[in-house]
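Asker: Residue numbers (UniProt numbering): 1 to 260. Quick reminder that beta carbons are idealized off the backbone N, C-alpha and C, glycines included. From a predicted model like this one, the values you see are computed outputs, not experimental measurements.
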């Protein structure tokens, strides 16, 4: 099995998400590379704070009730996130009022917005707001940006709290672009951060269309807070094709799955 180094590391992290641990000897057989190569991959991932090396392999870092810091997530599945963001932009129409929640995939969406006219973008993400402000100054699109108020989380660079949720009640949103900590048929879309979960849930309530942006590493994963059931999703944008196991659920087959 021949894969690119970045893809190999992403697959290692995906396996960690599912099983909680990986073994060097098994990864050597899986990827047909040397032990030195795998150990170097694990060392690089550990330096980014994405796993903990142990004798013979590595284990998943448990972040209690929250996901890894924003800065640690900017290099995970980066190629997939860029593709997803670029594909999701095609769903934005001139004149739309859209909501964008937090996460590194949302940042790639924000960076990809261009040639759109008179759009209103509402967000609780500081990096998304910053990227959109730069694009607006460069006249890459026209419209306005509304940064929601509330409590700032410097670690995750997000804004949440009851004030954030109250502000969302003031808007009629056409499309909500939302991220996920995990996506599973049993528990739906989930998130690590409790207060961000409440904000995303409110975005779903006040939006006409719900669009989930997720890379494949989130599939089959459950995290702390349940955001909403999969049946509430209208569109999914992912770098992988429609999951075979979803075919067993008639409601999930109605979801518009877009492969980036």
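Hey, out of 244, 88, 206, whose CA is closest to residue 219's CA?
Answerer: Residue 244 is the option with its Cα nearest to residue 219.
Asker: Which of the three DSSP states, helix, strand or coil, is assigned to residue 288?
Answerer: Nothing can be reported for residue 288: it is not among the residues displayed for the chain, which extend from 1 to 260.
Asker: Are the beta-carbon atoms belonging to residue 6 and residue 79 less than 8 angstroms from one another?
Answerer: yes
Asker: Please confirm if the segment 230-243 is in contact with the segment 126-138, defined as three or more CB-CB distances below 8 angstroms between the two stretches.
Answerer: Contact fails between the segment 230-243 and the segment 126-138, because fewer than three Cβ pairs, one in each stretch, are under 8 angstroms apart.
Asker: Near residue 228, which residues of its chain fall below 7 angstroms by C-beta distance, leaving aside the five closest residues on each side in sequence?
Answerer: 188, 189, 201, 204.
Asker: Taking the alpha carbon of residue 100 as the reference point, which residue from 47, 168, 221, 230 has its own alpha carbon closest?
Answerer: Closest by alpha carbon: 168.
Asker: Does the Cβ-Cβ distance between residue 98 and residue 84 come in under 8 angstroms?
Answerer: no
Asker: Run through DSSP, which three-state label would residue 94 get?
Answerer: coil
Asker: Is residue 161 near residue 151, with beta carbons less than 8 angstroms apart?
Answerer: yes
Asker: Measure the alpha-carbon distance for residue 163 versus residue 22 and round it to whole angstroms.
Answerer: 42 angstroms
Asker: Looking only at its chain, what residues have a beta carbon closer than 7 angstroms to the beta carbon of residue 195, apart from the 5 residues adjacent to it on each side?
Answerer: 160, 161
Asker: Residue 199 and residue 232: beta carbons closer than 8 angstroms?
Answerer: no
Asker: Per DSSP, residue 176 forms a beta bridge with which residues?
Answerer: 99, 210
Asker: From this set, 112, 180, 250, which residue's C-alpha is nearest residue 225's C-alpha?
Answerer: 180
Asker: Just to confirm before moving on: does the CB-CB distance between residue 128 and residue 107 stay below 8 angstroms?
Answerer: yes
Asker: Taking all protein chains shown into account, decide if residue 144 is buried (16 or more other Cβ within 10 angstroms of its Cβ) or exposed.
Answerer: exposed
Asker: Report all residues from its chain with a CB closer than 8 angstroms to the CB of residue 234; omit the five preceding and five following residues, and keep chain order.
Answerer: Correct list, in chain order: 209, 210, 211, 255, 256.
Asker: Restricting to Cα atoms, I'd like to know which of 90, 112, 117, 165 is closest to residue 124.
Answerer: 165
Asker: Thinking residue 116 and residue 94 are a contact (beta carbons under 8 angstroms), I'd like their distance in whole angstroms, please.
Answerer: 6 angstroms
Asker: For a test of the three-state rule: what should DSSP assign to residue 80, helix, strand or coil?
Answerer: The answer is helix: DSSP assigns residue 80 an H, G or I state.
Asker: At which residues does the alpha helix (DSSP H) containing residue 89 begin and terminate?
Answerer: Here residue 89 belongs to no alpha helix (DSSP H), and DSSP marks it neither H nor E.
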